[in-house]
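Asks: Using our numbering, read the sequence shown as starting at 109 and increasing by one per residue. The following block contains the structure, expressed as structure tokens.
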Amino acid sequence: MRETVHVGLPGREYDIQIGPGLLAEAGAYIAPFLARPRVVVISDETVAALHLDGLRAGLAANGISVEALTLPPGEATKCWAQVTRCVDWLLDQKVERNDVIIAFGGGVIGDLVGFSASILRRGVRFVQVPTSLLAQVDSSVGGKTGINVSQGKNLVGAFHQPTLVLADTAVLGTLEARDFLAGYGEVVKYGLLGDAVFFDWLEQQGPALAEGDMAARVEAVRWSVQMKADIVTRDETEQGERALLNLGHTFCHALESATQYSNRLLHGEGVAIGCALAFELSARLGLCAQEDPSRVRAHLKAMGMKTDLRDIQGDLPNAAVLLDLMGQDKKVVDGQLRFVLARTIGEAFVTGDVPRETVLRLLSEALAER
109 MRETVHVGLP GREYDIQIGP GLLAEAGAYI APFLARPRVV VISDETVAAL
159 HLDGLRAGLA ANGISVEALT LPPGEATKCW AQVTRCVDWL LDQKVERNDV
209 IIAFGGGVIG DLVGFSASIL RRGVRFVQVP TSLLAQVDSS VGGKTGINVS
259 QGKNLVGAFH QPTLVLADTA VLGTLEARDF LAGYGEVVKY GLLGDAVFFD
309 WLEQQGPALA EGDMAARVEA VRWSVQMKAD IVTRDETEQG ERALLNLGHT
359 FCHALESATQ YSNRLLHGEG VAIGCALAFE LSARLGLCAQ EDPSRVRAHL
409 KAMGMKTDLR DIQGDLPNAA VLLDLMGQDK KVVDGQLRFV LARTIGEAFV
459 TGDVPRETVL RLLSEALAER
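Dropping the structure here:
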């Protein structure tokens with residue numbers, strides 16, 4: 109039950125290996141890239157406690173020694189202080205330019221370690237070993253790295269492609285249900301933005317996937333990753349088509365900022381709510397049928413996911429403040445907000461032609477329903 113997706117960027121090609129049991133074989137996959145038989149691993153405390161011994165054993169099987177650093181879990185770790193900590197530690201480990209750094213964790217670790225690798229000695233190779241569904245289907249692929257700053261999410265970063273991605277789907281079995289479903293928010297996004305057949309498949313297979321069906325999990329990761337790989341190959345640095353991958357993210361990033369990147373709202377939960385809002389906005393602008401946002405919400409609800417602003421616990425700022433937070437998004441061009449909207453399920457596009465008043469009204473009404 110193994111799948112391989114190739115990212116064919118000229119001069120920066122790499123493979124994404126998908127399937128159960130990859131941690132045990134990590135050494136065999138990583139050894140060909142090593143000039144000397146040692147790697148450094150950066151993980152978080154939660155992942156390290158569950159899986160670091162397994163990764164060590166998989167590397168040791170090929171005679172590869174490991175030094176590891178563990179960081180606190182959570183979105184707050186994606187910050188300057190932890191970049192400094194990572195880079196200082198990597199230099200203390202005498203990591204050279206032809207060594208390999210392993211990012212072992214979810215999206216936070218992947219983004220942070222990838223950014224640290226991009227600036228260390230002007231660029232050291234790194235391998236992504238993603239342990240969350242969100243990281244396996246999205247953040248580990250495509251070379252986006254970065255951190256959050258007080259002004260907003262992912263506003264500091266670099267494009268730095270990994271050398272290899274090992275997505276061990278068996279590891280997903282140790283995720284809390286909430287974390288798994290948060291990752292599923294990114295899976296649904298792929299169907300909504302560019303593949304109606306995939307969304308149909310998810311409507312049928314989503315429950316089995318959530319309950320642990322390994323074949324369904326491997327197929328969902330493969331399908332998502334293939335879509336992303338194809339888009340990244342055509343548009344690596346987001347000059348055009350790659351922006352479609354941000355469906356739901358303009359709303360999501362504002363909501364994450366409003367909840368202080370806390371456990372009140374996980375990133376994938378924000379993406380799911382953001383996708384529902386993007387389809388609602390599309391319907392209000394007459395771009396898609398009114399049935400489409402209803403269908404999106406129905407599937408998210410059937411999966412037990414957050415779908416509306418009322419599903420976020422605690423206070424939220426008013427619509428005007430949320431809109432201002434959206435203005436800090438990286439997709440702002442010449443001061444104008446850009447949205448990923450949809451003509452139908454599976455057909456998204458990017459536009460800046462969205463009346464501010466329509467967005468304000470949508471947010472105001474969503475907040476009034478809380």
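Each residue gets a CB set at the ideal place from its N, CA and C atoms; glycine is no exception.
#1: Can you tell me whether Val-115 is helix, strand or coil according to DSSP?
#2: Between Leu-355 and the rest of its own chain, which residues show a CB-CB distance below 7 Å, the 5 nearest in sequence each way excluded?
#3: Could you tell me the distance, in whole angstroms, from the CA atom of Phe-359 to the CA atom of Ser-365?
#4: Nearest CA to the CA of Arg-330: which residue from Ala-351, Gln-312, Phe-306?
#5: Among all the DSSP beta bridges, which residues are the ones paired with Asp-152?
#6: Using 8 Å for Cβ pairs, my map puts Leu-228 next to Val-174. What's the rounded Cβ distance?
#7: Does Ala-169 come out as helix, strand or coil in the three-state DSSP assignment?
#8: Look at Gly-213 and Ser-247 and say whether their C-beta atoms are less than 8 Å apart.
#9: Starting from Ser-236, follow its DSSP beta bridges and name the residues at the other end.
#10: How many whole angstroms separate the CB atoms of Gly-250 and Lys-186, which I take to be in contact at a CB cut-off of 8 Å?
#11: Can you name, in chain order, every residue of its own chain whose Cβ lies under 8 Å from the Cβ of Thr-452, other than the five neighbours on each side?
#12: Which value, in whole angstroms, describes the spacing of the CA atoms of Asp-461 and Val-115?
#13: Report the rounded CA-to-CA distance for Leu-417 versus Leu-408, giving the unit in angstroms.
#14: Under three-state DSSP, which class holds Glu-204?
#15: By how many angstroms is the C-alpha of Thr-345 removed from the C-alpha of Ala-351?
#16: Name the one or two DSSP bridge partners that Gln-244 has.
Replies: To lay it out plainly:
#1: On the sequence shown, residue 115 is found 7 positions in, with the first residue counted as 1. Reduced to three states, the DSSP call for Val-115 is strand.
#2: Position 247 of the sequence shown, counted from the start, is the residue given in the question as residue 355. For Leu-355, where only same-chain residues beyond five positions count, the Cβ hits under 7 Å are Lys-297, Leu-300, Leu-301, Cys-383, Ala-386, Val-448, Ala-456.
#3: For this step, residue 359 is matched to residue 251 along the sequence shown. For this step, residue 365 is matched to residue 257 along the sequence shown. Phe-359 and Ser-365 have their C-alpha atoms spaced approximately 10 Å apart.
#4: As a working note, residue 330 is residue 222 in the sequence shown. The candidate whose alpha carbon is nearest that of Arg-330 is Phe-306.
#5: Here residue 152 refers to the residue found at position 44 when the sequence shown is read from its first residue. DSSP, once it has assigned bridges, lists Leu-179 as partnering Asp-152.
#6: If you number the sequence shown from 1, residue 228 lands on position 120. If you number the sequence shown from 1, residue 174 lands on position 66. About 18 Å separates the two Cβ atoms, so there is no contact after all.
#7: Here the question's residue 169 lines up with position 61 in the sequence shown. Note: Ala-169 maps to coil in three-state DSSP.
#8: Position 105 of the sequence shown holds residue 213. Position 139 of the sequence shown holds residue 247. In terms of Cβ geometry, Gly-213 and Ser-247 do not form a close pair [threshold 8 Å].
#9: Numbered from its first residue, the sequence shown carries residue 236 at position 128. The amino acid occupying residue 236 in the given sequence is Gln; Ser does not appear at that position. For Gln-236, which the question treats as bridged, DSSP gives the partners Ala-211, Val-273.
#10: By one-based count along the sequence shown, residue 250 stands at place 142. By one-based count along the sequence shown, residue 186 stands at place 78. Their Cβ separation, rounded to whole angstroms, is 17 Å, which puts Gly-250 and Lys-186 out of contact at 8 Å.
#11: Position 344 of the sequence shown, counted from the first residue, corresponds to residue 452. Counting only Cβ-Cβ distances below 8 Å, and skipping sequence neighbours, we find Ala-304, Cys-396, Ala-397, Asp-400.
#12: Counting from one through the sequence shown, the residue named residue 461 turns up at place 353. Counting from one through the sequence shown, the residue named residue 115 turns up at place 7. In this structure, the straight-line span from the alpha carbon of Asp-461 to that of Val-115 is close to 33 Å.
#13: Within the sequence shown, residue 417 is the residue found at index 309, counting from 1. Within the sequence shown, residue 408 is the residue found at index 300, counting from 1. Approximately 14 Å between the Cα atoms of the pair.
#14: By 1-based counting over the sequence shown, the position of residue 204 is 96. It is coil, neither helix nor strand.
#15: Taking the sequence shown and counting its residues from 1, one reaches residue 351 at position 243. Taking the sequence shown and counting its residues from 1, one reaches residue 345 at position 237. Their Cα atoms are separated by approximately 9 Å.
#16: Here residue 244 corresponds to residue number 136 of the sequence shown, with the count starting at 1. Gln-244 pairs with nothing; no bridge assigned.
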